[in-house]
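Contents: one structure, followed by commentary.
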Amino acid sequence: MIWDWHTAASAWPHLMAGLKLTLIATLGGSAVALVVGLALAMVRLVRVPVLWWFCVFFTDFIRGTPLLVQLYFAFFVLPSFGITLSALKIGVIVLGVYNAAYMAEVYRAAVESVPREQIEGAKALNIPVARRWRSIILPQAAPTAIPELGNYIISMFKESALLSTITVTELLQQGEAFGSVTYRYLEPLTLVGLIYLVVSYISSIGLRWLERTMTYRR
Amino acid sequence: MVQEIEDRKKMLNPGQARQQGSMGPPASVVPYAVRLVDVVKNYGSVTVLDNLSLEIPPGEKVALIGPSGSGKTTVLRTLMTLERPDSGHVYIGNDELWQMERRGRMVAANERHLQKRRARVGMVFQHYTLFPHMTVLRNIIEAPIHSLGVEKEVAVEQAYGLLDLVGLRSYADRKPSQLSGGQQQRVAIARALAMKPEVMLFDEVTSALDPEVVGEVLKVIKDLVATTGITMLMVTHEMRFAQHVADRVVMFDAGKVIESGPPEAIFSAPTHERTRSFLQAVLVRD
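Okay, here's the thing in structure tokens:
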């Protein structure tokens, strides 16, 4: 089989439409993961009674089961409990919650890396608890957390290919669909792989730049 | 010059102002600024404070001396609410620090109670603990704005006044990492003063510093002692400094106060054998 530029060119618009959905899923999933992950971490760090146990169980449960199983469960089982959401919404939520369980650990480690003296210094100045978190602890934890969180977002971008299994017409699904219609898989799937590579490579360069500027500012 | 000192006194004497104002009883019925009664603190099986009692009248400058692990720093940390004692009573003025009244019974203080009491005490730490991501100015105004509810413009103006006091006005926009250790410690002193504390705690504030900058920090404290009526507790290994600035020297050993008196008495004629051997060891090193 020889590479055919004509096929590649006609696959391109389909793949771009797929990339758009992939990016929506990744960005939506990131938003969910960043917020839910922070909430999980805060409950564990502040040791909120009862909720703390729930969060530990929840995190272990999410991390102990495959993402694909979670996607299938949300897509096929939840409707029988009356919860019907679009495939994309399910994809965003499941991707987000799955990664939140990992991001919670990143947040937790970053907060624990802030020297205890800093917290005592803030306490000695009688800075109220909420303000202590906002202006002393989190800003100092951020440079440690951001590169790690960024890595999870990049891997979420790649994991989003799994959404093809629950009918989301994202990048991989578009490539596969184009192949099944034209009987040519070489061009669309090669391009799919290249697009994943280029986007994640550029993102990781951006992330490294961010990491460097944050270290300089410290 | 005289006027300047008077102004500084006014700015830095909130404790007395508060005692004489409507917020608390008049100074005459507050015999002590700080009082510890039978305080016990254990870390596991180690007793750090062993039934310790200590009374400090308002305005007194007290130097706490003694070997490492004798409980000096723990006293300061207990007063700053960073370390909860296992038993005993700690008072700031007339108010119990670690206990509060609930339905007619005394119970362990909660965070809200501590927050109210803690505002009257300021502390300067051995390692400065400036917030590295904030400028010098921001370090000083953060607490007055968010803890005392001072307007930002007022807090900034007051911060510049305090930076003048420690000789660092031109450093307001720098980050702590751009300052020397001595300068950082002076900022830390200004930051603690911005909260207008009645009681100031200094925890070995010069022991992390290079020898050549120790003097500039001690000078700031000496100025404070000379110009303000703030009650001060200073844990220090600088015996000459203690001798010059303290009204009273308190010698700690094994979680207890073993000797206490005016500096000249303690340094020239210590009565306790332990004090004698301690002073001999540190003065030889000096």
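Protein chains in written order, with the working numbering: chain H, 1 to 218; chain L, 219 to 504.
Cβ atoms here follow ideal geometry from the backbone N, Cα and C, with glycine treated the same way.
- Cβ proximity to chain H below 8 Å picks out E329, Q333 from the stretch 315-333 of chain L.
- Assigned with DSSP and collapsed to three states, K414/L falls in coil, not helix or strand.
- By a beta-carbon distance limit of 8 Å, Y309/L contacts R253/L. Their separation comes to about 4 Å.
- Nearest CB-CB separation between T449/L and chain H: not below the 8 Å threshold.
- About 32 Å separates the Cβ atoms of D268/L and K440/L, ruling out a contact at the 8 Å cut-off.
- Taken through DSSP and simplified to helix, strand or coil, H307/L comes out as strand.
- With a minimum length of 4 residues, the unbroken runs of alpha helix (DSSP H) contained wholly in the stretch 82-116 of chain H fall at 87-112.
- The three-state secondary structure of M341/L, taken from DSSP, is strand.
- In this chain, I476/L is not harboured by any alpha helix (DSSP H); it is covered by the beta strand (DSSP E) spanning 474-479.
- A straight-line Cα-Cα distance of about 39 Å links L442/L and A110/H.
- Classified as exposed, E371/L has fewer than 16 neighbouring CB atoms from the shown chains inside 10 Å of its CB.
- Exposure of W5/H is indicated by the presence of fewer than 16 other C-beta atoms within 10 angstroms of its C-beta.
- Approximately 4 Å separates the beta-carbon atoms of A281/L and A460/L; this is inside 8 Å, confirming the contact.
- T291/L is outside the set of residues whose beta carbon lies under 8 Å from a beta carbon in chain H.
- Between the beta-carbon of T7/H and that of F157/H there is about 26 Å, and that puts the pair past the 8 Å contact cut.
- Apart from sequence neighbours up to five positions away, the residues of its chain that approach S113/H with a beta-carbon distance below 8 Å are A141, T144, ordered along the chain.
- Residues of chain L whose Cβ lies closer than 7 Å to the Cβ of I136/H are, in chain order, F349.
- A141/H has a beta carbon lying at 8 Å or more from every beta carbon in chain L.
- Residue burial annotation: Y389/L is buried, with at least 16 other C-beta atoms found within 10 angstroms of its C-beta.
- At least one CB of chain L lies nearer than 8 Å to the CB of R131/H.
- Residues of chain L with a Cβ closer than 8 Å to the Cβ of L210/H do not exist, since the nearest Cβ in that chain sits about 16 Å away.
- Under a 10 Å Cβ-count criterion, T213/H is classified as exposed, with fewer than 16 other Cβ atoms of the shown protein chains found around its own Cβ.
- Listed in chain order, the non-local C-beta contacts of V43/H below 7 Å within the same chain comprise L51, W52, C55, local neighbours out to five positions each way being set aside.
- When the five nearest sequence neighbours on each side are left out, the beta carbons in the same chain lying within less than 6 Å of the beta carbon of P394/L are those of L348, P350, Q402, in order along the chain.
- Counting along the chain, no alpha helix (DSSP H) covers F470/L; the unbroken beta strand (DSSP E) around it starts and ends at 466-471.
- Between V384/L and A408/L, the beta carbon gap of about 5 Å places them in contact (Cβ cut-off 8 Å).
- Under the 8 Å Cβ criterion, the stretch 9-20 of chain H counts as touching the stretch 159-178 of chain H, having at least three qualifying pairs.
- Annotation: I153/H to L19/H spans about 16 Å, alpha carbon to alpha carbon.
- Within the same chain, N269, L270, S271, S305, G306, H307 come within 8 Å of D256/L by CB-CB distance, once the 5 residues on both sides are set aside.
- In the structure shown, the three-state DSSP call for R458/L is helix.
- Excluding sequence positions up to five before and after D382/L, its CB lies less than 6 Å from no other CB in the same chain.
- By the CB criterion at 8 Å, I283/L and T454/L fall inside the cutoff.
- In this structure, DSSP gives S135/H a helical state, which the three-state scheme calls helix.
- Not flagged as an interface residue toward chain H: H307/L, since no C-beta distance is shorter than 8 Å.
- Nearest neighbour of I24/H by Cα position, chosen from V92/H, V35/H, A33/H, turns out to be V92/H.
- Think of a sphere of 7 Å around the beta carbon of S365/L: the chain H residues whose beta carbon falls inside it are L125, N126, I127, P128, in chain order.
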